[in-house]
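Structure representation (structure tokens):
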């Protein structure tokens with residue numbers, strides 16, 4: 005069956021708001037994923053996803069199609085909703101790298117599958133410490149499987165800028181992880197000696 | 005290796021990781037480059053492995069969808085009511101203005117006629 009494209013749906017949603025339901029169905033999964041990886045919690049992801057779509061519904065009549073994909077508009081709203089959430093509730097756990105080290109050491113037990121999970125959690129925690137645009141880039145790339153050109157359209161940048169940002173993001177992430185791992189080794193050494 | 009080349013190599017590697025064969029640029033990563041960038045390439049692979057898509061619960065998707073449709077209906081009704089109120093208000097204001105202008109015109113004519121009658125009475129020859 006022919007699927008109505010975003011522009012046609014948006015035009016229809018301005019007059020017939022029920023058409024907004026179709027846009028919602030098309031994008032709810034992506035927005036939820038984006039918010040989940042920014043907050044790390046399913047409950048918060050549900051709450052903020054709802055806020056994002058309520059806000060989009062409220063402002064859909066003023067939406068102007070400037071050639072960027074509609075998802076860019078939704079991601080922008082989601083980005084602002086997450087930023088407000090961090091600011092208003094002060095729930096963003098700004099965990100220092102040292103705290104991350106201690107946290108992972110405490111969790112370390114016998115070698116098990118859980119360790120791999122802990123390593124993964126650690127990586128995601130470090131990702132969440134990155135500036136929002138870098139988190140956005142990683143989510144769009146690895147969770148949404150978007151190509152660089154698509155990410156560029158969503159983030160309003162050139163493809164070259166996205167490639168360069170990706171490179172810088174990997175470098176910073178590696179440095180932060182190395183710092184955490186070094187800290188861990190030092191702590192393990194100290195506890196071993198003492 | 006210059007920065008631009010590194011950008012390209014990492015970008016191509018990431019495209020390959022997310023299985024976008026049509027998007028893979030014609031870029032061959034040499035063994036030497038792979039060696040130099042091993043840490044970054046491994047990190048990208050770790051990210052790809054760790055950042056798996058998650059699914060919102062079906063209940064949540066369904067209930068939020070319903071709430072949004074309801075909200076959309078309420079918003080439409082509110083807009084229609086507001087529009088109707090504006091039209092009725094404008095019509096009422098127009099009617100009031102018309103009535104006021106008719107009354108004003110009558111008052112004006114009466115005042116003018118009275119003034120003329122008085123002037124005639126004053127200037128009329130006596131005896």
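Residue numbers (the working numbering), protein chains in the order written: chain A, 5 to 198; chain B, 5 to 131.
Beta carbons are placed, not taken as given, at the ideal position from N, Cα and C, and that holds for glycine.
Original post:
For residue 82/B, which residues of its own chain have a beta-carbon under 6 Å away from its beta-carbon, when the five flanking residues on both sides are left out?
Top reply: none
**OP:** Verify the CB distance criterion: does residue 81/B have a CB-CB separation below 8 Å to chain A?
**Re:** no
**OP:** Please compile the residues from chain A whose C-beta is within a distance smaller than 7 Å of the C-beta of residue 33/B.
**Re:** In chain order: nothing, as chain A lies at least about 14 Å away.
Subject >> Contact check, residue 83/A vs residue 136/A, beta carbons under 8 Å >> reply: yes
Subject >> Of the residues 166/A, 17/A and 54/A, the one placed nearest residue 156/A, counting alpha carbons only >> reply: Residue 156/A has its Cα closest to that of 166/A, out of 166/A, 17/A and 54/A.
Subject >> DSSP three-state assignment for residue 20/A, whether helix, strand or coil >> reply: coil
Original post:
Taking C-beta to C-beta, are residue 68/A and residue 57/B nearer than 8 Å?
Top reply: no
Subject >> Backbone secondary structure at residue 54/A - three-state DSSP >> reply: helix
Original post:
How is residue 43/B classed by DSSP in three states: helix, strand or coil?
Top reply: helix
Subject >> Endpoints, alpha helix (DSSP H) assigned at residue 11/B >> reply: Per DSSP, residue 11/B belongs to the alpha helix (DSSP H) from 7–21.
Original post:
Can you list the residues of chain A that residue 64/B reaches, using a CB-CB cut of under 7 Å?
Top reply: 50
**OP:** Could you tell me whether any Cβ in chain B is nearer than 8 Å to the Cβ of residue 53/A?
**Re:** Yes, because at least one Cβ of chain B sits closer than 8 Å to the Cβ of residue 53/A.
Subject >> Start and end residues, alpha helix (DSSP H) containing residue 9/A >> reply: Premise fails: residue 9/A is in no alpha helix (DSSP H) and is neither H nor E.
Subject >> Length of the line joining the Cα atoms of residue 22/B and residue 92/B >> reply: Cα-Cα distance, rounded: 59 Å.
Subject >> The alpha helix (DSSP H) enclosing residue 160/A, as first and last residue numbers >> reply: Looking at the DSSP string, residue 160/A is not in any alpha helix (DSSP H), and its letter there is neither H nor E.
**OP:** With 7 Å as the limit, tell me which residues of the segment 10–21 of chain B have their beta carbon closer than that to any beta carbon of chain A; keep them in chain order.
**Re:** 10, 11, 12, 14, 15, 18 and 19
**OP:** Mind listing, in chain order, the continuous alpha helix (DSSP H) runs of no fewer than 4 residues lying wholly within the segment 57–83 of chain A?
**Re:** none
Subject >> Distance cut-off 7 Å: residue 54/A Cβ against heavy atoms of the ligand HEM >> reply: No copy of the ligand HEM occurs in the structure displayed, which carries no ligand at all.
Original post:
Under 7 Å Cβ-Cβ, which residues of chain B neighbour residue 134/A?
Top reply: Chain B residues near residue 134/A: none, gap ~11 Å exceeds 7 Å.
Original post:
Taking all protein chains shown into account, do 16 or more other C-beta atoms lie within 10 angstroms of the C-beta of residue 14/A, making it buried, or fewer, making it exposed?
Top reply: buried
Subject >> Check whether residue 139/A and residue 130/A have beta carbons under 8 Å apart >> reply: no
Subject >> For residue 148/A, three-class secondary structure by DSSP >> reply: Coil at residue 148/A, not helix or strand.
Original post:
Going by other Cβ atoms of all chains shown within 10 Å of its Cβ, with 16 needed for buried, is residue 129/B buried or exposed?
Top reply: exposed
Subject >> Cα-Cα separation between residue 79/B and residue 48/A, rounded to whole angstroms >> reply: 26 Å
Subject >> Classification of residue 2/A by the beta-carbon crowding that lies within 10 angstroms, buried from 16 upward >> reply: Given a span of 5 to 198 for chain A in the structure shown, any question on residue 2/A remains unanswerable.
**OP:** Could you work out which residues of chain B lie near residue 124/A, taking near to mean beta carbons separated by less than 7 Å?
**Re:** 54
**OP:** Please confirm if residue 18/A has its CB atom under 8 Å from at least one CB of chain B.
**Re:** no
Subject >> Rounded C-alpha distance that separates residue 81/A from residue 185/A >> reply: 35 Å
**OP:** Identify the continuous alpha helix (DSSP H) that holds residue 136/A and give its terminal residues.
**Re:** 136–142
Subject >> CB contact flag (residue 170/A, residue 42/B, <8 Å) >> reply: Judged by beta-carbon spacing, residue 42/B lies beyond the 8 Å limit of residue 170/A, meaning their Cβ atoms are not closer than that value.
**OP:** Measure the C-alpha to C-alpha separation of residue 188/A and residue 181/A and round it to an integer number of angstroms.
**Re:** 10 Å
**OP:** Count the other C-beta atoms from every protein chain shown that fall within 10 angstroms of the C-beta of residue 112/B, then say buried if there are 16 or more, exposed otherwise.
**Re:** exposed
**OP:** Could you tell me whether the segment 24–41 of chain A touches the segment 44–62 of chain B, where touching means 3 or more Cβ pairs closer than 8 Å?
**Re:** yes
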